[in-house]
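Student:
There are 2 protein chains.
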Amino acid sequence: MAVKGPLTGITVVDLSRILAGPYCTFLMAELGARIIKVEMPPKGDDAREYGPFRGGKSTYFSSINRGKQSIMLDLKLPADKRILDALLAKADVLVENFRPGTMERLGYGWSEIHQRYPKLIYAAASGFGHSGPWSKRPAYDMVVQGLGGMMSITGNPGQPPVRVGMSIGDIGAGLYTAVAVNAALVQRERTGEGVKVDVSMFDCQLALLENAIMRYTVTGEIPGPLGARHPTITPFEAFATADGYVIIAAGNDLTFGRLAAALGKPAMAENPDYVSNERRLANQPTLKAEIEALLKDKPTAHWLTVFETVGIPAGPINDVKQALAHPQVEPRNMLVTVDDPRSGTLKLVGNPMKISGAADPPMREPAPELDADRAAILKELRL
Amino acid sequence: MAVKGPLTGITVVDLSRILAGPYCTFLMAELGARIIKVEMPPKGDDAREYGPFRGGKSTYFSSINRGKQSIMLDLKLPADKRILDALLAKADVLVENFRPGTMERLGYGWSEIHQRYPKLIYAAASGFGHSGPWSKRPAYDMVVQGLGGMMSITGNPGQPPVRVGMSIGDIGAGLYTAVAVNAALVQRERTGEGVKVDVSMFDCQLALLENAIMRYTVTGEIPGPLGARHPTITPFEAFATADGYVIIAAGNDLTFGRLAAALGKPAMAENPDYVSNERRLANQPTLKAEIEALLKDKPTAHWLTVFETVGIPAGPINDVKQALAHPQVEPRNMLVTVDDPRSGTLKLVGNPMKISGAADPPMREPAPELDADRAAILKELRL
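Chains as they are written, first to last, in our numbering: chain L, 1 to 383; chain U, 384 to 766.
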């Protein structure tokens, strides 16, 4: 019998706003946890004001808050603090992404929390973490992508800088926070005791760069941007065709030989400049020009068929529309439907964590209106 | 008393190779789990052959396999299968990233696994997942970045394509797999039963694009690359200075007013073309040119000091060396030391998941040599 997911029965009190924290609790919601979003008056989560809108409701907000509940509390008022206290007494996890120090000022720092609710897991996702000289500074996705080195290895050499097109600063931190919170839940099942999870957006940028950091510390060479090219394997990059680009991933001599043959120039594989990956890497600009000269008269679709027939890993550069039309999307339920009372039918991304016995319905619950679940929650708490 | 981490006591049998699977088990190792890497003869994990090398050992491999154990098993031999069986009987999690069908051919498909080891969690990270028409196809990081739409929103408009500089195809899948496996462990503590976790690299690319997908399905407009610019907030991008770039994140009218004043041109904030975010977004090219004209005579460091003084979120575009010199890196223990018997002292990225009561030592264990733990493991299994 399918349960909602492996976290069914887990309750999360979610004080977080905008993106990193809400993305963590979005993942937990998709895994079956109950998320009670506590929002501040007068307007709640700032993301409710981010477009695009439909029926006056933020679809930015809907995308990562679907299936959550909402209650509005003013944490400066004793009456509302009592409601939060009652929620925390029954919850398994508290997630927040305030600037460090805010929770202490509200009377909900880790030491108070842990003393009053020893089983509660407290997770903080912040810009720079709860320690260190930059702890209290704010952070924004793009600032962190710049500070952490991500932008320095993304882009074309000599061209203007490039951010990763999605908010890897926030989404990355949300992912690591979810990994850590779930691990803390495993531990709590065994020990009965909650812990504090402290994740920083900046630290997560470094974590994501593990390979680039290793290359720098080992070789002393500072990694730079490489366009659409692999740093150490050649040919393993995007090549221009008659109508766009094709990505070719020829990871070894055998595949390179197949590629040379498929391009109608088998002798290329015998060229001493190209006989090994090491040689191909050393002569990458020449090899790229030679391959593009052979590709340029036919469109990407032609080459994809040719390469698939002979077993050369290759692919197109899909835009979002094309990506959603991929034949895996429907069978994997990666585009789900939300019927929102205000916005109407929304199509949002599905859950990539497919788990046996867990429901993965094609229809999902909408994101809550601000304070929508107040009455039900208060009744449940007998307040 | 500090334990190694919240997953202390959890044992993972890790059949995975190269990146997505090993990154999942790397995260679990950092959280305290014991990882027994099962490698195939004759050479083990392919990543052992990926440079750069030090003392003949792959530091690519060391970066994501530190602190794991290794045993070499030929899963086509009955004797070695018995060893794997004994390992699985004592393990909590099995992780693999073979092409779908491989485990079935070896006799370790999910139905066999679940029947024989009902408590074991089975996690598969594959290119396209264990269902759908593309299930059996191989995938590579860059091919998936192209197929899933990530490359279509990363880069400068009209310029050659750009991949995300780190392997977001693999690392992303490793992260979602770790979130899911830890959730499955929570469930198993409660139900006593293991589940199958099925994560696809392609699905994870879509998941990471949640906002871009929502924008497309809601507005019908296909998101394109925006360089270093935020899609809906202005000014929120990288600007050229005398010696490089500065990222300015002016998210509202108040901050924009401060920016205009800090640039010595307070009237800019009164310009009808720039009075609201909506107007600034509509006139972004003009506004950018105007701001860059004001920035161009002074270096990035100058502007960072100015902006910090008046409270305008801003930052540099650090390279990896500069990122590692950030004042948060040492206090957050984000660059750890590994004394490797062959490679000598390695500096590798730390663990961004800081958890109270969990050890986060500045020295970490090295990555195992191939088959290094065979004798100890066989003794422990009484084989």
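Yeah, the Cβ is synthetic: ideal placement off N, Cα and C, and Gly gets one too.
1) Starting from L:Glu-195, follow its DSSP beta bridges and name the residues at the other end.
2) Excluding sequence positions up to five away, which residues of its chain have a Cβ less than 6 Å from the Cβ of L:Leu-259?
3) At the 8 Å Cβ level, is U:Trp-517 part of the contact set with chain L, yes or no?
4) List the endpoints of the continuous alpha helix (DSSP H) containing U:Lys-473.
5) Helix, strand or coil, according to DSSP, for U:Leu-731 in the structure here?
6) Measuring only between beta-carbons, confirm whether U:Ala-566 sits less than 8 Å from chain L.
7) If you follow the beta strand (DSSP E) that L:Phe-236 is part of, which residue opens it and which one closes it?
8) Of all the beta strand (DSSP E) runs that stay within the bounds of the stretch 237–267 of chain L, which reach a length of 3 or more residues?
9) If the cut is a Cβ gap below 7 Å, which residues of chain L does U:Ser-446 touch?
10) Use the C-beta contact count for L:Asn-156: other C-beta atoms within 10 angstroms, 16 or more gives buried, fewer gives exposed.
11) U:Glu-593: buried (16+ other C-beta within 10 angstroms of its C-beta) or exposed?
12) Looking at U:Ala-645 and U:Val-689, is the spacing between their C-beta atoms short of 8 Å?
13) Which whole-angstrom value is the C-beta distance of L:Val-186 and U:Val-569, which I expect to be below 8 Å?
14) Please name the residue in L:Leu-27, L:Arg-66, L:Ser-70, L:Leu-7 whose C-alpha comes closest to that of L:Ala-376.
15) Would you please verify whether the beta carbon of L:Gly-227 is less than 8 Å from any beta carbon of chain U?
16) Quick one: measure Cβ to Cβ for U:Val-732 and U:Leu-718, integer angstroms, because I've assumed they're closer than 8 Å.
17) Any idea what DSSP makes of L:Gln-69, helix, strand or coil?
18) Measure the alpha-carbon distance for L:Arg-121 versus U:Ser-445 and round it to whole angstroms.
19) Given a cut-off of 8 Å on the beta-carbon distance, is the pair U:Asp-581 and L:Lys-354 in contact?
20) Check each candidate in U:Lys-519, U:Ala-623, U:Gly-415 and name the one with the smallest Cα separation from U:Lys-681.
21) So with Cβ pairs under 8 Å, would you call U:His-613 a contact of chain L?
22) From the DSSP secondary-structure annotation, give me the bridge partner or partners of L:Ser-200.
23) Which whole-angstrom value is the C-beta distance of L:Met-72 and L:Leu-370, which I expect to be below 8 Å?
24) U:Ile-419 and U:Ala-412: beta carbons closer than 8 Å?
25) Here's the rule: buried if 16 or more other CB atoms are within 10 angstroms of the residue's CB, otherwise exposed. What is L:Val-79?
26) Is it true that the CB of L:Gly-224 sits closer than 8 Å to the CB of L:Ile-153?
27) Quick check: what's the CA-CA separation for L:Ala-212 versus L:Thr-234?
28) Where does L:Lys-57 sit, in a helix, a strand or coil, going by DSSP?
29) Could you give the first and the last residue of the continuous alpha helix (DSSP H) run that contains U:Val-526?
30) Name the two residues that bound the continuous beta strand (DSSP E) containing L:Val-12.
31) Give the residues from the stretch 85–107 of chain L that approach chain U closer than 9 Å (Cβ to any Cβ), ordered along the chain.
32) Report the residue from U:Pro-745, U:Glu-691, U:Gln-498 whose alpha carbon sits nearest the alpha carbon of U:Arg-715.
33) What's the gap between the Cα of L:Lys-68 and the Cα of L:Pro-368?
34) Going straight from the alpha carbon of U:Gly-404 to that of U:Ser-550, what length do you get?
35) Where do the ends of the beta strand (DSSP E) carrying L:Val-336 lie?
36) Flag this pair as yes or no: are the beta carbons of L:Gly-165 and L:Gln-205 separated by less than 8 Å?
Tutor: Let's see:
1) It is worth fixing the name first, because residue 195 of chain L is Val in this sequence and not Glu. Answer is none; L:Val-195 lacks a bridge partner.
2) Excluding residues within five positions, the ones whose Cβ falls inside 6 Å are Ala-250, Ile-312.
3) For U:Trp-517, the answer is yes, since a Cβ of chain L falls inside 8 Å of its Cβ.
4) Element bounds for U:Lys-473: 461–473.
5) If DSSP states are grouped into helix, strand and coil, U:Leu-731 belongs with the strands.
6) Nearest CB-CB separation between U:Ala-566 and chain L: below the 8 Å threshold.
7) Counting along the chain, the beta strand (DSSP E) containing L:Phe-236 begins and ends at 236–240.
8) If we require 3 residues or more, the beta strand (DSSP E) runs fully inside the stretch 237–267 of chain L come out as 245–249.
9) Glu-210, Asn-211, Met-214, listed in chain order.
10) If you draw a 10 Å sphere on the C-beta of L:Asn-156, you find 16 or more other C-beta atoms in it, and that means buried.
11) The residue in question, U:Glu-593, is buried, as its Cβ has 16 or more Cβ neighbours within 10 Å.
12) If you check the CB distance, U:Val-689 and U:Ala-645 come in under 8 Å.
13) At roughly 6 Å, the Cβ-Cβ gap stays under 8 Å, so L:Val-186 and U:Val-569 are in contact.
14) For L:Ala-376, the closest C-alpha among the options L:Leu-27, L:Arg-66, L:Ser-70, L:Leu-7 is that of L:Ser-70.
15) At least one chain U Cβ lies under 8 Å of L:Gly-227.
16) Rounded to whole angstroms, the Cβ separation of U:Val-732 and U:Leu-718 is 7 Å, and the two are in contact under 8 Å.
17) Under the three-state reduction of DSSP, L:Gln-69 is assigned to strand.
18) Checking the displayed sequence, the identity of residue 121 of chain L turns out to be Ile instead of Arg. L:Ile-121 and U:Ser-445: Cα-Cα distance of roughly 32 Å.
19) Yes, Cβ-Cβ distance for U:Asp-581 and L:Lys-354 is below 8 Å.
20) Ranked by Cα distance from U:Lys-681, the first of U:Lys-519, U:Ala-623, U:Gly-415 is U:Ala-623.
21) For U:His-613, the answer is yes, since a Cβ of chain L falls inside 8 Å of its Cβ.
22) Paired residues: L:Ser-126.
23) Taking the Cβ atoms as the reference, L:Met-72 lies roughly 6 Å from L:Leu-370, within the contact range of under 8 Å.
24) Contact: no.
25) Checking the sequence shown, residue 79 of chain L turns out to be Ala, not Val. Counting every other CB atom within 10 Å of its CB across the protein chains shown gives L:Ala-79 a total below 16, marking it as exposed.
26) The Cβ atoms of L:Ile-153 and L:Gly-224 lie closer than 8 Å to each other.
27) About 18 Å.
28) The DSSP-derived three-state label of L:Lys-57 is strand.
29) Counted as a single uninterrupted DSSP element, the alpha helix (DSSP H) harbouring U:Val-526 occupies residues 524–530.
30) Per DSSP, L:Val-12 belongs to the beta strand (DSSP E) from 11–14.
31) Within the stretch 85–107 of chain L, no residue qualifies.
32) Of U:Pro-745, U:Glu-691, U:Gln-498, the smallest CA-CA separation from U:Arg-715 is found for U:Pro-745.
33) Roughly 6 Å separates the two Cα atoms.
34) Rounded to whole angstroms, the separation of the alpha carbons of U:Ser-550 and U:Gly-404 is 13 Å.
35) Its beta strand (DSSP E) spans residues 335–340.
36) No; because the gap between Cβ atoms is not below 8 Å, this pair is not in contact.
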